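Here the numbering used here is used: the first residue of the sequence shown is 209, the next is one more, and so on.
Notes to accompany the following structure.
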Amino acid sequence: MVGWLRTLWGKRSPPDILQGHADGVQAVAFSPDGSLLASGSRDATVRLWRVTDGQAVHTLRGHRDWVKGVAFSPDGRWLATGSGDKTVRLWTVATGELHRLLTGHTDWVNAVAFAPHQGLLASAGADRAVRLWRLPDGEPLGTLGRHRSPVMALAFSPDGTLLVTATYDGSVTLWRVDDGSAALILPEHGDWVRGVAFSPDGTLLATGSWDRTIRLWRVADGALLHTLQAPNNLVLGVAFSPSGELLASATYDGTVRLWRVRDGAFLRALQGHRDQVLCVAFAPDGTLLASGGRDKTVRLWRLSEGGSARDR
């Protein structure tokens, strides 16, 4: 049994359940300083929660369909959201006000991601397009790469030189941001890929799929290092801990699963959600893990400092 993990209880800890959404929580993200948590929901709203006490600071309204992706800018000033209404919205975090409405996608926007350095936002669409936007004015910079099917997930590498995209047909491609060329095309999953994440040092890539597997790849050459099996369990999202030692996965059976990265070993299933877990995210300091579910809740889990896996 791993002794470094527990659900949050007690007066001085954040609440273990954040409630307020009227439908499933599709996406979660912590602010860079860890003080706020954003959640995007099928109820077409985004909530900004204060992590210290679990209070909703802002409820962002304006989308007309599911909110599928949320991401904070590196400086924490902006929040980007992508929706089934085909738009990307850029919000001012301090006030909760809409800063820019970004249009151009012709179908659902499934994911959004900021480059680690200021000035660039990417959005992934069911229209098979990855669009790039200049910040803070939201000027469209064109599209990146070509895809055969809807783009379901994307992420920038920690140094900002690569952008990984994953699609409904199971393909995963790493693109060079500077010229838009394909750096790596990985062997396809057996079903659509819902989650992608780079390790904090940028050497590894995790992909989670509806084929019931998570794959860990070496970024330098695309070598498959580990295949993590989730029997009878569709994988809906993945996230590395800031230490790079742990990988969390959101799964269809209502659990959050924790894996040891160095050998791909399964560590523990976190139970609490009453329906599918749709997304996961670690706090920047690694002490909290957030999960969003179809049960309309966000749940918080406390880990040891830095998110390290320490066995008792």
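The C-beta atom is built at its ideal place from N, Cα and C for all residues, glycine as well.
Given the structure is predicted, the values throughout are model-derived calculations rather than measurements.
Pull up the distance between the alpha-carbon of residue i and that of residue j, whole angstroms please.
i	j	result
ALA246	PHE238	6 Å
ASP399	ASP377	6 Å
ILE525	VAL404	Since the first residue of the chain shown is 209 and the last is 520, residue 525 is not available in this structure.
ASP367	GLY270	33 Å
ARG250	TRP316	13 Å
MET360	GLY500	17 Å
VAL320	GLY445	14 Å
ASP429	ALA288	31 Å
VAL485	THR351	31 Å
ARG420	TRP299	35 Å
ASP231	GLY312	27 Å
HIS307	LEU256	16 Å
ASP461	GLY304	34 Å
LEU309	PRO240	23 Å
ASP503	ASP483	5 Å
GLY292	TRP418	20 Å
PRO492	PRO450	6 Å
HIS325	PRO395	29 Å
ASP261	ALA473	34 Å
PHE280	TRP286	6 Å
Just to check my reading of the structure: residue i and residue j have Cβ atoms closer than 8 Å, yes? What is that Cβ distance to the nearest angstrom?
i	j	result
GLY353	VAL338	6 Å
ALA332	LEU340	Contact doesn't hold; Cβ gap of about 11 Å is too wide.
THR375	PRO358	6 Å
VAL265	CYS487	Not confirmed; about 20 Å, so no contact.
ILE422	ALA438	7 Å
VAL469	ALA456	So it is not a contact: roughly 11 Å between Cβ atoms.
For the beta strand (DSSP E) containing residue i, list its first residue and its last residue.
i	result
ARG402	401 to 406
SER457	454 to 459
SER417	412 to 417
GLY350	347 to 351
GLY333	328 to 333
VAL464	463 to 468
GLY445	443 to 448
ALA477	474 to 479
ALA363	359 to 364
Determine which residues share a DSSP beta bridge with residue i and list them.
i	result
HIS434	LEU424
SER499	VAL488 and ARG507
TRP383	LEU371 and ALA390
VAL236	SER247
ARG339	SER331 and THR351
Notebook entry, point to check: Which runs of the beta strand (DSSP E) fall wholly inside the region 247 to 297 and span at least 3 residues, in chain order?
Noted result: If we require 3 residues or more, the beta strand (DSSP E) runs fully inside the region 247 to 297 come out as 254 to 258, 264 to 268, 275 to 280 and 286 to 291.
Check: Where are the beta strand (DSSP E) runs, 3 residues long or more, that stay fully inside the region 293 to 326, in chain order?
Finding: You should have 296 to 300, 305 to 310 and 317 to 322.
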